[in-house]
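4 protein chains.
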Amino acid sequence: MIIVMKRGASAADLSYVVSQVETFGYKAHLSQGTERTIVGVVGDDRPLENHNFELLPGVEQILRILQPFKLASRDFHPENTIVDVRGVHVGGDKIVIIAGPCSVESRSQLLETAWAVKEAGATILRAGAFKPRSSPYSFQGMGEEALELLAEARDEVGLPIITEVMSTEQVPLVSKYADVLQIGARNMQNFPLLQAVGRTRIPIMLKRGLMNTVQEWLLSSDYILSGGNRQVMLCERGIRTFETATRNTFDINAIPLMKGLTHLPILGDPSHGTGKWDLVAAVGRACIAAGADGLMIEVHPDPAKALSDGAQSLKPERFAELVASVRQIAAAVGRTV
Amino acid sequence: MIIVMKRGASAADLSYVVSQVETFGYKAHLSQGTERTIVGVVGDDRPLENHNFELLPGVEQILRILQPFKLASRDFHPENTIVDVRGVHVGGDKIVIIAGPCSVESRSQLLETAWAVKEAGATILRAGAFKPRSSPYSFQGMGEEALELLAEARDEVGLPIITEVMSTEQVPLVSKYADVLQIGARNMQNFPLLQAVGRTRIPIMLKRGLMNTVQEWLLSSDYILSGGNRQVMLCERGIRTFETATRNTFDINAIPLMKGLTHLPILGDPSHGTGKWDLVAAVGRACIAAGADGLMIEVHPDPAKALSDGAQSLKPERFAELVASVRQIAAAVGRTV
Amino acid sequence: MIIVMKRGASAADLSYVVSQVETFGYKAHLSQGTERTIVGVVGDDRPLENHNFELLPGVEQILRILQPFKLASRDFHPENTIVDVRGVHVGGDKIVIIAGPCSVESRSQLLETAWAVKEAGATILRAGAFKPRSSPYSFQGMGEEALELLAEARDEVGLPIITEVMSTEQVPLVSKYADVLQIGARNMQNFPLLQAVGRTRIPIMLKRGLMNTVQEWLLSSDYILSGGNRQVMLCERGIRTFETATRNTFDINAIPLMKGLTHLPILGDPSHGTGKWDLVAAVGRACIAAGADGLMIEVHPDPAKALSDGAQSLKPERFAELVASVRQIAAAVGRTV
Amino acid sequence: MIIVMKRGASAADLSYVVSQVETFGYKAHLSQGTERTIVGVVGDDRPLENHNFELLPGVEQILRILQPFKLASRDFHPENTIVDVRGVHVGGDKIVIIAGPCSVESRSQLLETAWAVKEAGATILRAGAFKPRSSPYSFQGMGEEALELLAEARDEVGLPIITEVMSTEQVPLVSKYADVLQIGARNMQNFPLLQAVGRTRIPIMLKRGLMNTVQEWLLSSDYILSGGNRQVMLCERGIRTFETATRNTFDINAIPLMKGLTHLPILGDPSHGTGKWDLVAAVGRACIAAGADGLMIEVHPDPAKALSDGAQSLKPERFAELVASVRQIAAAVGRTV
């Protein structure tokens, strides 16, 4: 941490700042500039985050040098984490394709989709049982019945399953069924929920919040990791910007950026990232070209009849084309699907 | 709902769309333009929100005419709702000032602040017991102990209390103590939590999410209202934009906009809205000039030592000045403090 | 400037960085932390802005300490600048109201509006001759004919006039007529235009770009000021965010923030800041309550027939009500209209 | 255009709206809903854009059905436009790589870079002569001298050249030298400049503004196209969002979206899109995977010494690696470099 003194701060102000730094057990290192004096705080000053040196008399601003996240950082864990989902490895050389309907709507809809995505090359099945919907008047998901159908689909089709958990109270129930617990975008900073899933030992997929920075995303990862659950994968799904021609703006930069900052696997969700089915394949290919470890894609046997997210869902045949084209891209970057 | 057909959609496409509309029990009203044909859906089509007419062959886009929120709308409830907080009326002619520290840190800190803000003119006391913090390494609040201190402050100082509830599991505990349950910005779309507080009969303050539109905010209000709890007040606290010179961008437009759209009271929180103590009073005055029903202000006896949000907290004497200047503004718009 | 070395940077990397700093004539001040070494550059290092120390081997990041703007800064010019527009003082105790139609549409429309706004209390007349329109198919303004009508209105009604200049080539022409040259939001970073108006000695109103930070705004001010034209006033007119319920998001925080950072007068334009006539008065009052030096308001005798910006224009009688209510707010903050 | 009447609008309001629509020569088509009445305007109502039906008594809102852009639209011009830059075809099957330094800094810097990028596979040379810089204290480009050096580089190295033109006054000068005139992001809505380059017959590259929607981008294209210059190519270069970990947020969605909306070629600029040299190759590959027609990349022989944009410039050897990897991606999507 660096404390920048105001132009014209007094010697007394400066001494007081130094004494405060020393009070907390740190050394203060002074540097006298021509316009400003700066005070360097020597030591791991993350514990000082709560202290408001910027409010001391004569202080202009505080500059932080250390990234605030730790456990998710490559600085502390240089090798890639590989998450094991019933034998499917996420974060290794092989690209992982997660696919399925937005919501479980019926046994037949789920099984039909599950068989189709498996045949096309998906290795994990997704579908929502509890759905976070902006409107209380929208379909809210089938709940536990959907979880049972998901378990049945896993047994019958042979794909591990991922589904969303929306509150601390749901964690025990959803944990009974799911192979991966998904934390949705709107819950990326639901800290009690992060703590609750951090106490499980089930793999977690943490989606990026639609208005959250990558730094906040990594801090939220630290919430889970610090509970002892090291099986965390991340998923970029688009952020909210001024552009309304697409549902969200997929932040492609975040893919290579995160690969540098963290050891955790990162996937892309071009279905939410675009909100338009006819853009999904192109952005899915872009994810893999940019270095993503996998994709999460919404597929529905009849999107026009889907109870949620129909506009961004692919028909099974279009999904199969997507996987084929992603396979080409994966080969071009030295990976496989 | 209006369904816009593509340029060159076939007659068969059009008949199919019409038949689909009729399947759901609505009438379809056709209008043949020179470039496009449009199909009007006659009736309250909110139940069709889940149907994806935009995916039918020949359809270009869907335009929605009805606002999706209902219970929060002035259309359905023209008179202002006045929320009664132990005799303090929020939403009437009198401006309500809620003030107190960001977090409860100790008995003396809380009581000292409570007496000071009461003396300056505040009528509700705020302070956090459970704190949503971006970093797991930051101070997380004193929990139930803080709730007990808040209850003691209420009894001793005579101000009703508001404090945040962060998860469904905390609702019973916090409800035992609080006069108003606060839903924080990061939980504005925590739907299970909205449903849980909607089942109580305690007044709720719903803060706007830092990434949420006013329409989403009103839909989240409908989540609470549709549970039967009609005691809802709203609080604008700034949104996230590209500007980094302030912590958030206070959306002053939202104050008069919301007064037109909804019957619920609306307050402003310039402490979070700016993130800088020296901007708080100016933006607080602006809120009242724009028609807000009250303010929520962070006050700390020694901001430099605050365990959270020190940079945006006012010292008691500065808070007293703020109230004095707000009183002038209130008079200028025909209200009182 | 502070150069933060990577964890594990070598001694050779460090010496090279120090030698580079010294090459440019600065002293390097080292501070050895537990996790990182930092190098402070002693001296006014703004000239080093073009140098890419972050690319030197072993460097992690660069932190800048000095604000990049100079002439607009209160650091260098503590007293308020007061701009004199034919005897109307902008930036003093008296609030300035600029009003008029978005565009000049006809002699009668302009004169009728001019008389009405003068009577209601405006002291400067605004109207566009050259209009920046997103679509080439929209009305583009009446050009020089409008300038002549503006000059006539000034003579007849007795209000100084402000109008927009859109390109370097228009500067001589518009300068012949206008008492204030307006630089519109889309031109805030049109640097040749800033330089061109900086070479005149006519007062300039520099509107904030709809996606520009306050720092960029002050740098653009420096472009004008460094040409020798010290008669610069600023106008906040809303920024672009994710919220679409209003045309722009008026950044009320920017009003007190700018009053602290710069000595230049700052006005608010709630017409563009909201895009909705029924929100204009509330946000206009908020501007004055927050410390703005004036307002710029669009007024049209028949907004439904306006050729541009009708939706945000006030009828003359509503404008008169606005001025009356602003007068109350001005009194509440110790100023007059 | 669809005019939505307010709940409870009177019959007189409705008749007046209908009469107004008919006044302009359009037919009004009424549709009576259960909550709202809507009035469809039959005909190409783009000329009505300036009319403010939303202000008529009893009107709630206006919904527009037609896209406002025309000449850039695939609706009106289904086949791809191919721009011919001295024999280099932009918009065909072959991917075009534009590369070179941000600014011309010296004869040797330019030639060294030109030879290197040509050898690596670039087919057009870029470099700035006039530089739009946020700060008046930054390097502003070498001006005409740089244009002469660019012409020399073209002759010697054999690559056509692209360089930016910043104002209407510079158009004749820059046109004497450049094979493609670049309109920079900050000038995307500099309408006089768009009109000026629309009057030339030189190919134009129109970069997306950092604050502009794709709809505005296409309207700006229409400004150029309607001047008679049909040689327009577009370049996505990142937009401004709340995320500060990268310089801009590259909008990868815009690539396939624009390929659907317009017949004009679209390129990606991952140098500006990320602002960090170590992310450029990954995002460049993503562009091609998503369907872009080319890339624009900043290359400098010694980025640490670059006078502008060093942080995002590649060394020639890294650029060669990028081209090699892009070649693989191009093959994977059935194209060549």
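Chains as they are written, first to last, in this note's numbering: chain A, 1 to 337; chain B, 338 to 674; chain F, 675 to 1011; chain E, 1012 to 1348. Glycine included, each C-beta is placed from N, C-alpha and C at the ideal position. Here the structure is a predicted model, which means the values were calculated and not measured.
Which partner residues of residue i appear in the DSSP bridge assignment?
{"i": "His-1100(E)", "result": "Asp-1095(E)"}
{"i": "Ile-435(B)", "result": "Ile-461(B) and Met-633(B)"}
{"i": "Asp-1262(E)", "result": "Asp-251(A)"}
{"i": "Glu-236(A)", "result": "Gly-268(A)"}
{"i": "Met-205(A)", "result": "Gln-182(A) and Met-233(A)"}
Taking the straight line between their C-alpha atoms, what separation do you get for residue i and residue j?
{"i": "Ile-2(A)", "j": "Ser-19(A)", "result": "15 Å"}
{"i": "Gln-369(B)", "j": "Lys-1081(E)", "result": "21 Å"}
{"i": "Ala-99(A)", "j": "Trp-1288(E)", "result": "33 Å"}
{"i": "Val-441(B)", "j": "Leu-496(B)", "result": "15 Å"}
{"i": "Phe-413(B)", "j": "Ala-1006(F)", "result": "36 Å"}
{"i": "Thr-1092(E)", "j": "Gly-1271(E)", "result": "13 Å"}
{"i": "Lys-979(F)", "j": "Leu-1278(E)", "result": "41 Å"}
{"i": "Met-342(B)", "j": "Ala-1083(E)", "result": "21 Å"}
{"i": "Ala-338(A)", "j": "Asn-1223(E)", "result": "Residue 338(A) is absent from the structure shown; chain A starts at 1 and stops at 337."}
{"i": "Tyr-1188(E)", "j": "Val-1032(E)", "result": "51 Å"}
{"i": "Pro-540(B)", "j": "Ile-329(A)", "result": "55 Å"}
{"i": "Val-716(F)", "j": "Leu-737(F)", "result": "13 Å"}
{"i": "Pro-405(B)", "j": "Gly-565(B)", "result": "19 Å"}
{"i": "Ile-576(B)", "j": "Leu-547(B)", "result": "4 Å"}
{"i": "Glu-35(A)", "j": "Arg-7(A)", "result": "6 Å"}
{"i": "Arg-327(A)", "j": "Ile-95(A)", "result": "9 Å"}
Is there a C-beta anywhere in chain E that falls below 9 Å from the one on residue i?
{"i": "Thr-262(A)", "result": "no"}
{"i": "Asp-559(B)", "result": "no"}
{"i": "His-946(F)", "result": "no"}
{"i": "Gln-783(F)", "result": "no"}
{"i": "Ala-290(A)", "result": "yes"}
DSSP three-state label for residue i, please.
{"i": "Leu-159(A)", "result": "coil"}
{"i": "Met-503(B)", "result": "coil"}
{"i": "Leu-1122(E)", "result": "helix"}
{"i": "Ser-1114(E)", "result": "strand"}
{"i": "Gln-1323(E)", "result": "helix"}
{"i": "Lys-70(A)", "result": "coil"}
{"i": "Leu-63(A)", "result": "strand"}
{"i": "Gly-947(F)", "result": "helix"}
{"i": "Gly-1345(E)", "result": "coil"}
Closest Cβ-Cβ distance between residue i and chain A: below 9 Å?
{"i": "Lys-513(B)", "result": "no"}
{"i": "Glu-709(F)", "result": "yes"}
{"i": "Gln-519(B)", "result": "no"}
If we cut at 9 Å on Cβ distances, does residue i have a partner in chain F?
{"i": "Phe-191(A)", "result": "no"}
{"i": "Met-542(B)", "result": "no"}
{"i": "Asn-417(B)", "result": "no"}
{"i": "Ala-619(B)", "result": "yes"}
Is any beta-carbon of chain B found at less than 9 Å from that of residue i?
{"i": "Asp-1289(E)", "result": "no"}
{"i": "Pro-930(F)", "result": "yes"}
{"i": "Ala-812(F)", "result": "Checking the sequence shown, residue 812(F) turns out to be Ser, not Ala. Answer no: the Cβ-Cβ gap between Ser-812(F) and chain B never drops below 9 Å."}
**Q.** Chain-ordered residues of the region 20-33 of chain A with a beta carbon less than 8 Å from chain F
**A.** His-29, Ser-31, Gln-32 and Gly-33
Q: Output, in sequence order along the chain, the residues in the region 977-997 of chain F whose CB is closer than 8 Å to any CB in chain E.
A: Pro-977, Ala-978, Lys-979, Ala-980, Leu-981, Ser-982, Gly-984 and Ala-985
Q. Taking a cut of 7 Å between CB atoms, which residues from the region 394-409 of chain B lie near chain E?
A. Leu-400, Ile-402 and Leu-403
Q: Please list the residues of the region 226-256 of chain A that have a C-beta atom closer than 8 Å to any C-beta atom in chain F, keeping them in chain order.
A: Here the close residues are Arg-240, Thr-241, Phe-242 and Thr-244.
Q. Taking any Cβ of chain E, which residues in the region 380-394 of chain B have a Cβ under 8 Å from it, in chain order?
A. Gly-380 and Asp-381
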